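Worksheet: the structure to be examined is printed underneath.
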Amino acid sequence: MLNPEEKQFEARLKEFRPLAAEPLSMREASRSRRRKFVLAACAAAAVIALVVVLFKISYERDLAPAPERVVKQTAPEPASGRPLTIRSANELLARAPSIKSALDELAFQSRARQLPRGTQSALAVLGKEDFKQ
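Taking this note's numbering, the leading residue of the sequence shown gets 189, the next gets one more, and so forth.
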């Protein structure tokens, strides 16, 4: 048997009518989240691509020689006056009595360059300086 309180509670439960729920907007929320994710991913990819391009340009600029740093070097000619080639070195080695004498003959000797009048060589001036003072 039910006591009066339980009967009253049961009657109240029978009278209960739930309210109709509003429809869920799941599609719109998922679309907006997906759209935000796609935009963020595209922006991140663009930033990464930009950073890679900037590093590549910077790296190539460091590797490329600047025009003022490019110096054309020409090998000095040996004392014989002919340019040194493999053929001339082989001929010299075949003629020479020893390897030492052939190498001595191949040694490059600096030639004094004629300077215009009224000018001096910096090396000549420095060579005359007395550094012991």
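Even glycine gets a Cβ: it sits at the ideal position worked out from N, Cα and C.
Note that this is a predicted model, so its numbers are computed, not measured.
*Alpha carbon to alpha carbon, how far is GLU317 from VAL239? Give it in angstroms, no decimals.*
Straight-line measurement puts the Cα of GLU317 at about 54 Å from the Cα of VAL239.
*Are the beta-carbon atoms belonging to PRO303 and ALA277 less than 9 Å from one another?*
The sequence shown places Leu at residue 303, rather than the Pro named in the question. ALA277 sits away from LEU303, with the two beta carbons spaced by 9 Å or more.
*Just how far apart, CA to CA, sit ILE287 and ILE274?*
Straight-line Cα distance between these residues: approximately 15 Å.
*What number of angstroms, rounded off, separates the C-alpha of LEU291 from the C-alpha of ALA237?*
CA-to-CA, the gap between LEU291 and ALA237 works out to about 57 Å.
*Report the rounded CA-to-CA distance for CYS230 versus ALA209, giving the unit in angstroms.*
So the two alpha carbons sit approximately 38 Å from each other.
*In three-state terms, what does DSSP make of GLU194?*
The answer is helix: DSSP assigns GLU194 an H, G or I state.
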